[in-house]
Structures are given as C-alpha cells and as structure tokens.
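Taking it in order: structure first as structure tokens, then the write-up.
There are 2 protein chains.
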Amino acid sequence: MSGPDRSAPERVHVELGNRSYDILIGHNLINTAAQYVAPLLGRRHVVIVTDANVAKLHLEALEQALKRADIGVDSIILPAGEGTKSFQELERLCGLLLDMKVERTSTLVALGGGVIGDLTGFAASIILRGINFIQVPTTLLAQVDSSVGGKTGINTPQGKNLVGSFYQPRLVLSDTGTLDTLGRRELLSGYAEVAKYGLIDEPDFFSWLETNGIDVIEGDESARRYAIGVSCRAKARIVGADERESGARALLNLGHTFGHALEAECGFSDEMLHGEGVAIGMVMAFDLSATLGLCPPEDAARVQRHLASVGLPTSPLSVQGRIWTAERLIEHMGRDKKVKDGRIGFVLARGIGQTFHPAHVDLSQVTAVLNAAIAA
Amino acid sequence: MSGPDRSAPERVHVELGNRSYDILIGHNLINTAAQYVAPLLGRRHVVIVTDANVAKLHLEALEQALKRADIGVDSIILPAGEGTKSFQELERLCGLLLDMKVERTSTLVALGGGVIGDLTGFAASIILRGINFIQVPTTLLAQVDSSVGGKTGINTPQGKNLVGSFYQPRLVLSDTGTLDTLGRRELLSGYAEVAKYGLIDEPDFFSWLETNGIDVIEGDESARRYAIGVSCRAKARIVGADERESGARALLNLGHTFGHALEAECGFSDEMLHGEGVAIGMVMAFDLSATLGLCPPEDAARVQRHLASVGLPTSPLSVQGRIWTAERLIEHMGRDKKVKDGRIGFVLARGIGQTFHPAHVDLSQVTAVLNAAIAA
Numbered sequence: 148m149s150g151p152d153r154s155a156p157e158r159v160h161v162e163l164g165n166r167s168y169d170i171l172i173g174h175n176l177i178n179t180a181a182q183y184v185a186p187l188l189g190r191r192h193v194v195i196v197t198d199a200n201v202a203k204l205h206l207e208a209l210e211q212a213l214k215r216a217d218i219g220v221d222s223i224i225l226p227a228g229e230g231t232k233s234f235q236e237l238e239r240l241c242g243l244l245l246d247m248k249v250e251r252t253s254t255l256v257a258l259g260g261g262v263i264g265d266l267t268g269f270a271a272s273i274i275l276r277g278i279n280f281i282q283v284p285t286t287l288l289a290q291v292d293s294s295v296g297g298k299t300g301i302n303t304p305q306g307k308n309l310v311g312s313f314y315q316p317r318l319v320l321s322d323t324g325t326l327d328t329l330g331r332r333e334l335l336s337g338y339a340e341v342a343k344y345g346l347i348d349e350p351d352f353f354s355w356l357e358t359n360g361i362d363v364i365e366g367d368e369s370a371r372r373y374a375i376g377v378s379c380r381a382k383a384r385i386v387g388a389d390e391r392e393s394g395a396r397a398l399l400n401l402g403h404t405f406g407h408a409l410e411a412e413c414g415f416s417d418e419m420l421h422g423e424g425v426a427i428g429m430v431m432a433f434d435l436s437a438t439l440g441l442c443p444p445e446d447a448a449r450v451q452r453h454l455a456s457v458g459l460p461t462s463p464l465s466v467q468g469r470i471w472t473a474e475r476l477i478e479h480m481g482r483d484k485k486v487k488d489g490r491i492g493f494v495l496a497r498g499i500g501q502t503f504h505p506a507h508v509d510l511s512q513v514t515a516v517l518n519a520a521i522a523a
Numbered sequence: 148m149s150g151p152d153r154s155a156p157e158r159v160h161v162e163l164g165n166r167s168y169d170i171l172i173g174h175n176l177i178n179t180a181a182q183y184v185a186p187l188l189g190r191r192h193v194v195i196v197t198d199a200n201v202a203k204l205h206l207e208a209l210e211q212a213l214k215r216a217d218i219g220v221d222s223i224i225l226p227a228g229e230g231t232k233s234f235q236e237l238e239r240l241c242g243l244l245l246d247m248k249v250e251r252t253s254t255l256v257a258l259g260g261g262v263i264g265d266l267t268g269f270a271a272s273i274i275l276r277g278i279n280f281i282q283v284p285t286t287l288l289a290q291v292d293s294s295v296g297g298k299t300g301i302n303t304p305q306g307k308n309l310v311g312s313f314y315q316p317r318l319v320l321s322d323t324g325t326l327d328t329l330g331r332r333e334l335l336s337g338y339a340e341v342a343k344y345g346l347i348d349e350p351d352f353f354s355w356l357e358t359n360g361i362d363v364i365e366g367d368e369s370a371r372r373y374a375i376g377v378s379c380r381a382k383a384r385i386v387g388a389d390e391r392e393s394g395a396r397a398l399l400n401l402g403h404t405f406g407h408a409l410e411a412e413c414g415f416s417d418e419m420l421h422g423e424g425v426a427i428g429m430v431m432a433f434d435l436s437a438t439l440g441l442c443p444p445e446d447a448a449r450v451q452r453h454l455a456s457v458g459l460p461t462s463p464l465s466v467q468g469r470i471w472t473a474e475r476l477i478e479h480m481g482r483d484k485k486v487k488d489g490r491i492g493f494v495l496a497r498g499i500g501q502t503f504h505p506a507h508v509d510l511s512q513v514t515a516v517l518n519a520a521i522a523a
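Shown next, in the form of structure tokens:
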C-alpha cells in the first residue's frame, strides 16, 4: 500500500440532530472497517447483508476485517437484482435476522448497491422497531445517492419504493476501490446522479465535471474522491434542510419524474438502468424548461452534450426496439408517490445550477417534449 | 342525548415535540368525529381500516359522520383476530391502499382494537414512507394501552411484535360507548392494563380502583372516563420521558415478561387473552419481588386479591387442561425483544406503585416462582 491508499478518508458529516452521521470516502475502507465500525457498536456483533454478486467480491474482506477486531459476524447473502426489493425478501430477511436472535443493540451492515442498502435499511428500521445499521455502498450510484438521506424501501406491484421508511445509518463507508469492480454501464448510471448535483444548484461543479468527469469514470482516485465528496455534501446539505421531503429535498428528484416513467415502461428491467433514466430525464427536464421559456436553450444543449460525451444515453430512442408513447409515460408519472393532490411533481430549471419546483406544469407541454423525444 | 353524552370529551395531551398529539375520551365521539378529524387532514380524504367484527358495529356510524362533513371516505375491512397482524396482511393492506392511490397527504383511520391499530399504524408508517393516521380504538385495552405511545407492529413465527415501528398518530378518539359492545372477558383483559398503571407508580389510583374498579367494568360512564384518562395520562407521561423505550418506558412492561411467556405457550390463542396474561404476570412479578425480599408479601397479596375480585385470572392454572413447565416459560422469555445482551428484562416492585427495572434477576428465583404458580 502506498500513495493515496494510505491517506485518511474524506469525511462528510450529515447533520440531522440526534440522527447525524458521518460518510467516509476513501480507498481500502473495507479492509480497515473495524476501526470505524467498532466504536459505534452496542453489542459487539454485526450481521452483514449482501447479495450473491457482491459477496464474491467483497464479503470475505469485510468479514475478516471485522473478525480481526473481535467483532462477531454473521452474514446473509440475498439474490442479486431489483427483485430482491420485495415484500417477500423483506419478510425472509426479517425471519433470518430474528432466527439469529438479533437484539436491539445489534447492528446490521448493508454491503452492496442500492438494492441491498434500501432493503437492509428498511429491515433495520422495523426489526424490533429499529436497530442500528451501517452502510458499505459498493456502487457509485449508492455512494452518491441512496447511502445519503435515509430513504429505505421496497417495490410493490404498484411501483418502486412505494413502501419504506426514513431511517438514518450510523455510518457510511464508501470504499472507492469497490468501483473498480463495476461494469462501465453501471458506473455511468451512478455518474448521472453525480452530474445531477451540479445541475441542481452547483454550476461550478458541473463545469468541473465537463472537464474532469471522464477521469471520474476512468478510475482516477482523487477525481473520484472529490466527485463523491461533493455529491454527498450536496445531498447532505439538501437532506439536512428537509429530512422528510416536504420542500427543498424535492430538487433531488431532478430528472426523476421523467426517469422513473421511462424505467417503469421498461418494467424496471436492465433495458434501462436507474441512472440512464435519470440522465434522459434530466435532458427532458431541461428541454421542458427551455420549451416553457424558463431556461436558455444553450443550457439544455450543454446538459445533453456533457451526458452524451461521457457515454450516457440522452434519448429514450437509445433503447433498441421499444415503442414509446407519451400517454403511457404520463400515466406512469401519475402513479409516482411524489404526486400531490393529483398533481405530478416536476423539477424545472432556469439554467444550469438553478433548479426549482414549479407550482404547476401544463401537461400538454410535457406531452410535447415527450413526443419530440420519442419521435424517431 | 342528555347528561354525560353532551359533556366535552376529556383531553389528554401526549407531549412528543413535533409528534405531539391529543387523546380525546368521551361518549359519542364516533358520531361527532368529523369536528376533531377535519382540522388535521391534508387532502380531505381518509381510508378507514377496520375488521369484520368492528365493521358491523361501528363502521357505518364513522363513515357517515365523516361524509356529512364532506370528507371522502374509503374503507378496508380486514379479517378479525391476531392472525391479521402478519406480513401477509400487511402486504395486502399496503397493496389495497396503493391501489386506492393514497397520497402523502392522505390519512388512515384505524377503527378497532389493538390488532387493527398496530397493523394500520405500521402500514401508515411505511406507505410512501409515512402518511398520517388517526386511531379510533374500540376496546378498553386499545384505549388505555396500544393507542398511546406509538408502538406499531406485526407478529412473525419468531414472536409477537418483533417487526414494527415507533409511529405516532395525529389524534386518538376513544369513544367510551364502544366499550358497551365488548364481551366481559375482553373488557376485563383491558382492565388488567388499567390496574397496571396504579401498580407502576400511582398507588392512589390503585386504591381508587380497589373501590371503583368494578364500576369501570360494569359500565359507569364517569368511572370509565376517569380510569381511561388516568391510564392514558400515566402512559403518556412515561412515553414522553422515553419514547423509544431505553429506560423508564420499560416499567410499562410490568407483568409482560411473564405474561408474554404465558401467551406464547398458549400459541397466542384465545386460551389466554393479552390482559389475562398481564394480570397473571403482574401477580407473578409481585410474588417474585416478595420472594426476593424486595416487596412486602401483603402488597403482593393485595394485587392478587384485587385482580381476582373483578374477575381476572391470577394463576396459570385458570387455563383448563394445560400443563405448564417453568423451563418452557423461561425459554419464551429468552426470545422476547426486550432481551438485552442475552438478559431477560423484568420489572419488579418494592410495593404497590413502586416498580423498578432491576439490573439483574437470578433465574433460579424466577423458576421457583413459576414452579409455585403452576403447581396444582
């Protein structure tokens, strides 16, 4: 170990009163996890929850790191994939944890991407009415998004994340080394959320990404640490101001109303990854803002150009062989849990880094933007 | 309507910061519910969740009362009985609510006993990561216990209430008129929890019950209102000091470690109602305290005498045809979620109204008390 591996991890503090916690970002954090985890434990026992894919890559390293510090470790390996975020797997996970006789002072450790983090966090929030949990996110998407802010949940036949809780981890360990094990498409999907923070209210960060984003993707350690740190800090700031999503937090949904609809239409399959939907959705949100005369068309073009330049899709037409209709996409939007008094929630922009939550959006304009986007 | 029916309901304020709420206790509250419910609604739409038995008795009255005030009402009728507090029914309830397109500003109304309140409260806490709910408890047990304090939950094969959340209602409407529809045994089961508050730390209230408890049971309106009010105030005070059960709140478990074990051994069937287990458990807790030389034997005798005088069981032998063993009961206790670092949590007493949470209890003494209680 030499160079950046030995540097202290970057620390982002998420201020939420007595639910505050730290996010540590750095290389080799899984192998050195015990020093950060041990001080937070009640009972000196953790249960690691992970999926079959991540288990092969990182489980033994984490188990060994904790056992070396005399922390008792049990592990539960769930099937990989979005299907695991279900009532059925939640019930099964709770049963396994109760069979292990977890106590209120036990700690769950979520080792994996968003699916594992969301499901494990939800289980932690309801087992014995709430036990501690720690996140060890292993995807870029989880490191910059789902591990910050305390949203947990599962999917139902009615939609994604419609059942869940707000429940904060005690600690997040984001080991940047895990990103080297991701496929390019998965990494890019996480990058869409990184770019989102620049677009929401940090135009300088977006400019930085226009120059350095490709380094983040290609694996430059200091670029990754910086980008993840800025992203977590941005999300922590927004979440800290509005933990339960009544106002400012809604800006984090930039691109998500469109994106979720695209994902839903693909049945949340691998046809469209979450970040791909968000990338296309952000382009649509800026196009809609430009169409409404709110945002300079040049800014909308800049968004599209940067996302495309790193290799993200920016049009629904990037999905091979699928026929889209605006009606169906709007129908999906109407089922989103951000719907309030029957109105769909959009995030619009007056420019890069100048997003806001409009009181009302004319659906005929949304339809026009969708039709333009899906016209071959 | 005349006399007590026209008096304003008694109001108990549960102080929990921004999760504070009021409990209203009085006659005819279901028929006058709209005036209390309407000011708390976001969207002017509620979903009433109830069970088949309660629906026959009270659903139409509540629906009509709300509709008269132009509040939109949907109703969901679940099967009656403890079996409804399951993952399966939780999933089904969430699905029905999502199919009705509930929004974050929608409100659930739990109309029924503890099963309905616990399940509905849990569903409210996880649907869309939390929507408002209101409790309309229709049993004495629910009015004095489960409707105060925000504990929600379901049962699993591993035990009762091992999965759930802390989630506060916005309002509790305790209509004392609903108690007239209860069977004697169910009413007595609730009365055990009323007596518990006197035993925990209100000796004067226990003395009052020794004189007036039978009136509470026989249906005297002012005695009921007083006893429910004192009970709610006692629980609210204890919960307010310790919302998440780390210290003082544990006193509310007086009789429950023994009681839950008795219930568990009966498979949580009608062989032993919750309050019956608590009544026997409180007698055992005082017997154990006396055995340990902590409490005057006269106080233990007084507890037994009062509970028996109103018609509550005070010995496991009251269950016909069941063979008990101390080993199995202690095994059940070891599975309770109040177990901490492998130690079973007991509440003991130095006298009536002088309970405390001991650091350690010698299990051989517990075994001795159990063996004395189950010896024919």
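Residue numbers (the working numbering), protein chains in the order written: chain D, 148 to 523; chain Z, 148 to 523.
Just so you know, even glycine gets a beta-carbon here, dropped at the ideal spot from N, CA and C.
For clarity, every value in this text was computed on a predicted model and none was experimentally measured.
Cβ-based burial, residue i [other Cβ within 10 Å; buried from 16]
i               : result
S511 of chain D : exposed
Q451 of chain Z : buried
T358 of chain D : exposed
Q467 of chain Z : exposed
E365 of chain D : exposed
S149 of chain D : Note that S149 of chain D has pLDDT 40, beneath the 50 cutoff, so the model's placement of it is unreliable and the number below is only indicative. S149 of chain D should be labelled exposed.
K382 of chain Z : buried
S456 of chain Z : exposed
S378 of chain Z : buried
E162 of chain Z : exposed
M431 of chain D : buried
I611 of chain Z : Past the boundaries of the shown model lies residue 611 of chain Z; chain Z is included only from 148 to 523, so the question cannot be answered.
D246 of chain D : exposed
I470 of chain Z : exposed
T472 of chain D : exposed
K232 of chain D : buried
S272 of chain D : buried
L517 of chain D : buried
E474 of chain D : exposed
Selection from the options that minimises the alpha carbon distance to residue i
i               : options                        : result
A199 of chain D : D:R190, D:R251, D:L258         : D:L258
I499 of chain D : D:G277, D:V319, D:M419, D:D351 : D:D351
D483 of chain Z : Z:K307, Z:M247, Z:R371, Z:T179 : Z:K307
K298 of chain D : D:I521, D:V262, D:T323         : D:V262
R251 of chain D : Z:A180, Z:A506, Z:V291, Z:G492 : Z:G492
I177 of chain D : D:M419, D:H504, D:T325, D:M429 : D:T325
V196 of chain D : D:S416, D:L335, D:P284         : D:P284
L435 of chain D : D:A522, D:G164, D:L495         : D:L495
G260 of chain D : D:H421, D:L441, D:L464         : D:H421
L401 of chain D : D:G440, D:I347, D:L240         : D:I347
Contacts around residue i, its chain only, beta-carbon distance under 8 angstroms, and the 5 residues preceding and following it disregarded
i               : result
I281 of chain Z : V184, L187, V193, T254, L255, V256, A257, P316, R317, L318, V319, L320
Sequence-distant residues of the same chain with beta carbon closer than 7 angstroms to residue i, five excluded per side
i               : result
E236 of chain Z : L225, L266
R371 of chain Z : T323, L326, V363
V513 of chain Z : L435, I477
Those residues which DSSP pairs with residue i across a bridge
i               : result
V161 of chain D : D:Y168
R145 of chain Z : Examination of residue 145 of chain Z is not possible in this model, given that chain Z is present from 148 through 523 alone.
T472 of chain Z : T472 of chain Z is not bridged to any residue.
F313 of chain Z : Z:K298
F352 of chain D : None; F352 of chain D has no bridge partner.
V283 of chain D : D:L258
Cβ shell of residue i (< 6 angstroms), same chain only, five flanking positions each side left out
i               : result
G458 of chain Z : L335
Q290 of chain Z : P284, S321, I375
L204 of chain Z : T328
L311 of chain Z : Note on residue identity: the sequence assigns Gly, not Leu, to residue 311 of chain Z. Counting only Cβ-Cβ distances below 6 angstroms, and skipping sequence neighbours, we find F269, T299, G300.
I521 of chain Z : P463, W471
M480 of chain D : T404, A408, I491
With 8 angstroms as the limit, tell me which residues of the region 248-260 of chain Z have their beta carbon closer than that to any beta carbon of chain D; keep them in chain order. Of all residues in the region 248-260 of chain Z, the ones placed with a Cβ closer than 8 angstroms to any Cβ belonging to chain D are K248, E250, R251, T252, in chain order.
Taking only beta carbons into account, state which residues of the region 418-445 of chain D come closer than 7 angstroms to chain Z, listed in chain order. none
According to a CB-to-CB cut-off of less than 7 angstroms, which residues of the region 230-244 of chain D neighbour chain Z? F234, E238, C241, G242
Check each residue of the region 271-298 of chain D: if its Cβ is closer than 9 angstroms to any Cβ of chain Z, include it; give the result in chain order. S272, I273, I274, L275, R276, G277, K298
Using a Cβ-Cβ cutoff of 7 angstroms, what residues of the region 306-331 of chain Z are near chain D? List them in chain order. L309, V310, G311, S312, F313
Output, in sequence order along the chain, the residues in the region 178-198 of chain Z whose CB is closer than 9 angstroms to any CB in chain D. G189, R190
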